[in-house]
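For reference, the structure is listed below as structure tokens.
Number of protein chains: 2
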Amino acid sequence: MNIILLSGGSGKRLWPLSNEIRSKQFIKIFRREDGSYESMVQRVYRQIKSVDAQATVTIATSRTQVSAIHNQLGDEVGISVEPCRRDTFPAITLATAYLVDVMHVDPSESVVVCPVDPYVEDDYFEALKALSAQADKGEANLVLMGIEPTYPSEKYGYILPESAGSVAMVRSFKEKPDAQAAAQYIAQGALWNGGVFACKPSYVLKKAHELMDFAGYDDLFARYDTLQKISFDYAVVEHEPKIQVVRFAGTWKDLGTWNTLTEAMEENIVGKGVLSDTCSGVHIVNEMDVPVLAMGLHDVVISASPEGILVSDKEQSSYIKPFVDGFEQQVMFAEKSWGSFRVIDVESRSLTIKVTLNAGHSMNYHSHQNRDEVWVVVSGRGRTLVDGVEQEVRTGDVIRMPAGCRHTVMAETELKLIEVQIGSDINVHDKQKHAMEREWRAEGQE
Amino acid sequence: MNIILLSGGSGKRLWPLSNEIRSKQFIKIFRREDGSYESMVQRVYRQIKSVDAQATVTIATSRTQVSAIHNQLGDEVGISVEPCRRDTFPAITLATAYLVDVMHVDPSESVVVCPVDPYVEDDYFEALKALSAQADKGEANLVLMGIEPTYPSEKYGYILPESAGSVAMVRSFKEKPDAQAAAQYIAQGALWNGGVFACKPSYVLKKAHELMDFAGYDDLFARYDTLQKISFDYAVVEHEPKIQVVRFAGTWKDLGTWNTLTEAMEENIVGKGVLSDTCSGVHIVNEMDVPVLAMGLHDVVISASPEGILVSDKEQSSYIKPFVDGFEQQVMFAEKSWGSFRVIDVESRSLTIKVTLNAGHSMNYHSHQNRDEVWVVVSGRGRTLVDGVEQEVRTGDVIRMPAGCRHTVMAETELKLIEVQIGSDINVHDKQKHAMEREWRAEGQE
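Residue numbers (the working numbering), protein chains in the order written: chain A, 1 to 446; chain B, 1001 to 1446.
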């Protein structure tokens, strides 16, 4: 099975765990059997591989997510990187071209396209296989998954099939209706459209060539910023007469808000927290080192991260976005290709961060024009390169890097540093990359 | 007017703002007219001085609070330090002996004794003056303040006066009753006993000499740990036939729980926070640098500090103590005589703290046996003394102190340091004090 997972934007609706650079699909919130936690992408990827170990998985995403994907899924997964944000039609076309031209998938071998973030069980992936098999038959150009509705939701589009069988031709689509209309559609046998479909790559590429002029993946990638913003529904689905739908009646949850996300959590507390016995329906998701104590609350979600603290009635939590848009704040935590960092102190002329480098990784060789930096190694072993001089470092070592000094560090084991930045104008743009004066033995550098 | 303010224990009921070493009376939570915030002790002290600029104020407290009191009130206030915790009779006796022997107050000049933490207005202090004047008349040995009850509370003792006048002899006392009995007492004209009284120092000392053998303040201080734990009520009030009560009908609030504390707050938010318009009766007290967002909550208090995060229904907040007792946690924030510190990162073999030294202050000259330390100056100017070598330091400077190295720093301006402690056994007991090898120009050192 070939799968394209669409990994979308920043998701402020799950603030303070998601922010401009960390998306909800990377939050480790689901408990594994061994007691550790996995994120939405890790869960979905694990499920795909358990149903089809040979599946070719490609994630269509933006540049900002590449590090997080490699950190969480390893280097084997295919990533189709959108150079900039366009809509779903350019994104699906680019990922399809990647599959054919880079991954060498046969263009007549069907591919399944689905969002990366629904909360589903293994039967969903079995249904994807059925979808793929149906598309291979060639009875229709597109085969959609139709999810059996559990209530007259206003959040989804509806698919009206021509018959009640497990596979049927699509009669018509209905955009997100109000609850009353939704109930009528459901009475007529309508299904939710979860944005999941299968088709042949050759079909997507043919449709793309009708609208855009490009030679192949590389060419499409190069001119991606010139493409029109247009959705797959609008560009393709609405004009296609031969569409089939395959029914799916299993678990399917859209975890877009705290309300729905907490429904999918098996435990009420992730991280340090205590609920008094006068609490009911309360969830705590705490990324901080100190405890959260909740007393006498009902149907409330509490989440704390280095970005801030949310305490919300669960129903109300879906209205979070305008509040988060109003926070003007520097990013306090980020995952990078080489590890992660977290801001631990802010002064007017200094910034102190904790840097964690994964074993075998290093930063770019770089310098800053307007700030001095000091590293104190608080855990692990590695090697620094400072103005061309290489040095072994371990817990307790101190490295000083005045402004202009070129520097990097490579982690032999996991390496943790306290980095103090000193200067009157500390900002993320003050960073110059340099070529190294000597061969550097680090692996995994970028 | 002479006043003894009784400044009590740790107050876990206001966790996470109060903890083992920071008591509720030092939390800066009340807005001043200039927009800054003051604590309970600062508010009470300011109010006393505005009503009677000449008042002699002595705070009876434990050793752990001395630094916080000096930081918040300056060096002029008198402090009677209890060498260890006894009950109110030894504490009041020690403070009275301090007033007479150290502050040279005339033993026949009345003194007012009251708790440091009620939330009151200026009329309360006018009432204290009346109490003091009444005690000076010598019509009774003790003059109590009787607070006009606003509801049949079960939290207070009741005073039954012989008449309804503004000054009356006390007929009897009633210990904390149930609500029904309280209503009956109130119908009979009973008043709340807020633990406020005036009397002559000579009276307290006479009663003390009947129970204890001591020569004066110094002698009492020296043998304080041998004294019996006994309350002033039990030792004195219950046996005294000549007690008067003076009525007080003004504002008087006991701010012992989050519920009552938030009632006294003029604003719903102290620190960074946002309330959605679907919130009602919600208070946020946030000491962290990141925002708290509250949505769809009613009658809830949210408080965040380096110690943890509390989210509680206001009514329920009075049951907090057993939960806080259950937290096994190192102290994450403390005020010291020289400034304050805050833990910002914890690893198995390192601890990173931010140290703020007040201008003109320095630490003890000390060393650690089992840990190295590194200071990075992130703000201000000062001088370090390291193994006898003095050095000027300013923002950006790095000082390394291997285990065994003697060190201190003196702040010329307010000085902020990032201190990284490195070692396999980091604990607060690993600290040896040393005499200095040279004259040190620091003021305010302790």
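Beta carbons are placed, not taken as given, at the ideal position from N, Cα and C, and that holds for glycine. Computed from a prediction, not measured in an experiment: that's the story for all the values here.
Excluding the 5 residues flanking it on each side, Ser1202 of chain B has same chain C-beta neighbours closer than 8 Å at Pro1107, Ser1108, in chain order. Shown in chain order are the members of the stretch 1362–1374 of chain B whose Cβ falls below 8 Å from a Cβ of chain A: Asp1372, Val1374. For Gln1042 of chain B, there is no enclosing beta strand (DSSP E); the residue is found in the alpha helix (DSSP H) stretching over 1040–1051. Contact with chain A is found for Thr1395 of chain B, since one of that chain's Cβ atoms lies less than 9 Å from the residue's Cβ.
About 7 Å separates the Cβ atoms of Pro177 of chain A and Glu154 of chain A, confirming a contact at the 8 Å cut-off. Against chain A, a Cβ distance below 8 Å from Pro1291 of chain B picks out Gly308, Ile309, Phe327, Gln329. In the structure shown, Lys1416 of chain B falls within a strand segment according to DSSP collapsed to helix, strand and coil. The distance from the Cβ of Met295 of chain A to that of Tyr1319 of chain B is about 7 Å, consistent with a contact at the 8 Å cut-off. At least 9 Å separates the beta-carbon of Ala1208 of chain B from that of Thr1064 of chain B.
In this structure, DSSP gives Trp252 of chain A an extended state, which the three-state scheme calls strand.
CA-to-CA, the gap between Gln432 of chain A and His366 of chain A works out to about 5 Å. The stretch 42–51 of chain A and the stretch 346–353 of chain A do not touch, with fewer than three beta-carbon pairs separated by less than 8 Å.
Counting along the chain, Leu1005 of chain B sits inside the beta strand (DSSP E) bounded by residues 1002–1006. Note that the C-beta distance between Ser166 of chain A and Arg247 of chain A is below 9 Å.
Glu1347 of chain B belongs to the set of residues whose beta carbon lies under 9 Å from a beta carbon in chain A.
The beta carbon of Asn1071 of chain B sits closer than 7 Å to the beta carbons of Glu1335 from its chain, once the five residues preceding and following it are set aside; these are given in chain order. Secondary structure at Thr262 of chain A: helix, using DSSP grouped into helix, strand and coil. For Asp1345 of chain B, DSSP records a beta bridge to B:Thr1352.
With respect to the 9 Å criterion, Phe221 of chain A and Leu94 of chain A are classified as neighbours on the basis of their beta carbons. Collapsing the DSSP output to three states places Ile186 of chain A in a helix. Contact annotation, Val1112 of chain B with Ala1168 of chain B: C-beta distance approximately 19 Å; criterion of less than 8 Å not satisfied. Contact of Gly296 of chain A with chain B is assigned, a C-beta pair being separated by under 9 Å. Taking a contact to require three or more Cβ pairs closer than 8 Å, the stretch 1298–1318 of chain B and the stretch 1277–1285 of chain B qualify as touching.
With fewer than 16 other CB atoms across the displayed protein chains lying within 10 angstroms of its CB, Ala1435 of chain B is exposed. Residue-level contact check: Gln316 of chain A touches chain B, since one or more beta carbons of chain B fall below 9 Å from its beta carbon. With a 10 Å radius around the Cβ and a threshold of 16 neighbouring Cβ atoms, Ala179 of chain A comes out exposed.
In the three-state scheme derived from DSSP, where H, G and I count as helix and E and B as strand, Gln1369 of chain B is classed as coil. The C-beta of Asn19 of chain A comes no closer than 9 Å to any C-beta of chain B.
When 7 Å is used as the limit between beta carbons, Thr1278 of chain B is near these residues of chain A: Gln316, in chain order. Counting along the chain, the unbroken alpha helix (DSSP H) around Glu210 of chain A starts and ends at 201–211. Bounds of any alpha helix (DSSP H) do not take in Pro402 of chain A, whose DSSP letter is neither H nor E. Beta-bridge pairing by DSSP links Cys114 of chain A to A:Leu5.
Taking the beta carbon of Tyr1098 of chain B as reference, no residue of chain A falls within 7 Å; the closest one sits roughly 39 Å away. Across the structure, Val1274 of chain B and Val1051 of chain B are spaced so that their CA atoms are roughly 37 Å apart. Taking a beta-carbon distance threshold of 9 Å, Arg1400 of chain B counts as an interface residue toward chain A.
For Gln65 of chain A, there is no enclosing alpha helix (DSSP H), as DSSP gives it neither H nor E.
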